[in-house]
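Under numbering that gives the first Met the number 0, the first residue of the sequence shown carries the number 0, and numbering increases by one thereafter. Backbone N, C-alpha and C fix where the C-beta goes; we use that ideal spot for every residue, glycine too. As structure tokens, the structure follows; a few thoughts come after it.
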Amino acid sequence: MVRSLAKNAASLVAVVIMWAIYSAGYLSLQEALEMLTVIVFITVLALGTEDVFRKLIFARKLITWQYAILMAFVLTCDFLWLYLADCDTYVQLAVRTLMLAVAAGGTVTWALFAYRISVMTDGEKMILAKSMAFRRIRRNFKDMSDEQVRTALESTLFCRLEGDRLEGRLLVSEPFHPESKTVTELQDCTDADSGTALSTLAGYIDTLVATRTKEQ
């Protein structure tokens with residue numbers, strides 16, 4: 000989903016750049032801007048239409064009610080762009096620019112959170128929930144004792160950290176167990192693979208806590 004959003008944004012920027020190159024020295028600034036208004040409006044409509052039909056044909060599971068709201072956000076931004084272009088005063092320009100900025104911010108926020116989460120698999124949602132839990136508890140590490148940090152890590156850490164440091168980002172592609180289990184979860188498992196993962200993760204946590212002690 001993030002790649003699709005980036006692709007559409009890059010396509011829109013490319014169209015604007017190509018229009019700027021084409022119109023330079025050929026049209027007056029006012030004419031170029033007036034045409035740009037229409038070009039951006041039509042390009043957003045085209046990109047949105049392409050996205051809808053691509054999902055309908057190749058990935059219908061990505062069509063959710065959150066997606067419908069996302070498209071409503073996109074259309075709102077597109078028509079606010081036309082509304083912005085039809086300004087007569089600086090006050091109107093300021094107000095309408097703010098309206099468009101708020102709508103655009105809402106669009107990106109809805110896309111990255113509400114819609115992205117709605118199309119995640121159960122496994123992806125599980126990893127997201129664990130990642131958020133770890134990030135929340137990590138904010139309090141500086142006020143916690145070594146044993147408190149160890150206990151917190153045993154219930155939230157499931158993968159390696161960048162640089163093998165408590166401050167490093169979660170490397171979710173490098174879990175200690177195929178099902179991204181924590182020490183607490185692995186303690187309830189009896190198979191050999193889980194036992195090996197438990198030993199490795201527990202040792203890793205010991206290293207993180209020891210490193211933290213040295214840094215203090």
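Identity of the residues DSSP links to residue i by a beta bridge
{"i": "Arg159", "result": "Leu170"}
Simplified DSSP assignment, three categories, for residue i
{"i": "Met143", "result": "coil"}
{"i": "Leu194", "result": "With the sequence shown as reference, residue 194 is identified as Gly, and Leu is not the correct amino acid for it. If DSSP states are grouped into helix, strand and coil, Gly194 belongs with the helices."}
{"i": "Phe52", "result": "helix"}
{"i": "Phe175", "result": "coil"}
{"i": "Val90", "result": "helix"}
{"i": "Tyr25", "result": "coil"}
{"i": "Thr108", "result": "helix"}
{"i": "Glu30", "result": "helix"}
{"i": "Lys180", "result": "coil"}
{"i": "Ala58", "result": "coil"}
{"i": "Met131", "result": "helix"}
{"i": "Leu152", "result": "helix"}
{"i": "Arg211", "result": "helix"}
Element boundaries [alpha helix (DSSP H), containing residue i]
{"i": "Asp77", "result": "64-84"}
{"i": "Ala113", "result": "Note, Ala113: premise wrong, no alpha helix (DSSP H); not H, not E."}
Check whether residue i and residue j have beta carbons under 9 Å apart
{"i": "Val43", "j": "Asp77", "result": "yes"}
{"i": "Cys158", "j": "Glu173", "result": "yes"}
{"i": "Val182", "j": "Ser154", "result": "yes"}
{"i": "Ser179", "j": "Lys129", "result": "yes"}
{"i": "Met125", "j": "Leu61", "result": "no"}
{"i": "Val15", "j": "Val39", "result": "yes"}
Test: residue i CB closer than 9 Å to a CB of chain C
{"i": "Ile41", "result": "Absent from the structure: chain C. Only one protein chain is present."}
Residues of its chain near residue i, where Cβ-Cβ distance is below 8 Å and the 5 sequence neighbours each way are ignored
{"i": "Lys6", "result": "none"}
{"i": "Lys213", "result": "Residue placement at Lys213 is poorly supported in this model, since its pLDDT is 48, which falls under 50; the coordinates still yield a value, given next. Here the set comprises nothing."}
{"i": "Gln186", "result": "Leu197"}
{"i": "Leu79", "result": "Arg95, Met98, Leu99, Ala102"}
Own chain, CB closer than 7 Å to residue i, minus 5 neighbours either side, in chain order
{"i": "Thr210", "result": "Arg164"}
{"i": "Ala201", "result": "Val182"}
{"i": "Ile136", "result": "Ala151, Thr155"}
Residues near residue i in its chain [Cβ-Cβ closer than 6 Å; skip 5 each side]
{"i": "Ala84", "result": "Thr36"}
{"i": "Leu4", "result": "Ala110"}
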